[in-house]
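Let me begin by presenting the structure, written as structure tokens, before commenting on it.
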Amino acid sequence: MNQVQGAKTSVGQQRPCRSHLDLFDMDQSGPTEWRTAQRICGACPFLAACRAELAELQAETGFKPLATIWAGDAYTSSGTILPPARFDRYALAVAARQDVRDSSNAATAA
Ligand code: SF4
Numbered sequence: 001m002n003q004v005q006g007a008k009t010s011v012g013q014q015r016p017c018r019s020h021l022d023l024f025d026m027d028q029s030g031p032t033e034w035r036t037a038q039r040i041c042g043a044c045p046f047l048a049a050c051r052a053e054l055a056e057l058q059a060e061t062g063f064k065p066l067a068t069i070w071a072g073d074a075y076t077s078s079g080t081i082l083p084p085a086r087f088d089r090y091a092l093a094v095a096a097r098q099d100v101r102d103s104s105n106a107a108t109a110a
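Residue numbers for the sequence shown follow my numbering, beginning at 1 and rising by one.
Below, the structure is given as structure tokens:
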């Protein structure tokens with residue numbers, strides 16, 4: 001969970017992403033979920049504020065969202081914005097990295 005997604009608004013309303021965090025996690029879900037998350041952002045009443053908060057955070061601290069959907073944009077594990085047309089390819093790369101990790105863990109445990 002990130003800071004913006006974890007925050008309540010000034011009027012105390014819950015941000016829509018708080019109820020669907022699994023959809024926004026680009027390490028744990030896939031292209032279908034990421035597209036759903038982007039639709040949720042697109043309909044979010046806090047989208048403009050969310051973008052402004054992120055821009056302010058980035059300007060002040062150099063912060064990069066990692067492996068998440070934030071304010072309608074998809075960020076890779078290195079903080080690059082990923083266009084939806086590249087979601088499927090990115091998902092394959094994430095799965096391949098996970099396979100390598102799983103194989104390494106299995107070899108270590110043996
Ligand atoms: S725009 Fe997206 S990330 Fe931002 S508060 Fe709304 S649902 Fe959450």
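For glycine and all other residues, C-beta sits at the position ideal for the given N, C-alpha and C.
| Asked | Found |
| --- | --- |
| Is any heavy atom in ligand 1 found nearer than 8 angstroms to the beta carbon of Leu-47? | yes |
| Tell me whether Ala-71 counts as near ligand 2, meaning its Cβ is closer than 8 angstroms to at least one heavy atom of that ligand. | The ligand content of the structure shown is limited to ligand 1, which means ligand 2 is not among them. |
| Compute the minimum distance between the beta carbon of Pro-84 and the heavy atoms of ligand 1, and state whether it is under 8 angstroms. | no |
| Mind checking whether Asp-88 and Ile-81 have CB atoms under 9 angstroms apart? | no |
| Rounding to the nearest angstrom, what Cα-Cα distance links Met-79 and Ala-71 in this structure? | Reading off the sequence, residue 79 comes out as Gly, not Met. Each residue's alpha carbon lies about 14 angstroms from the other. |
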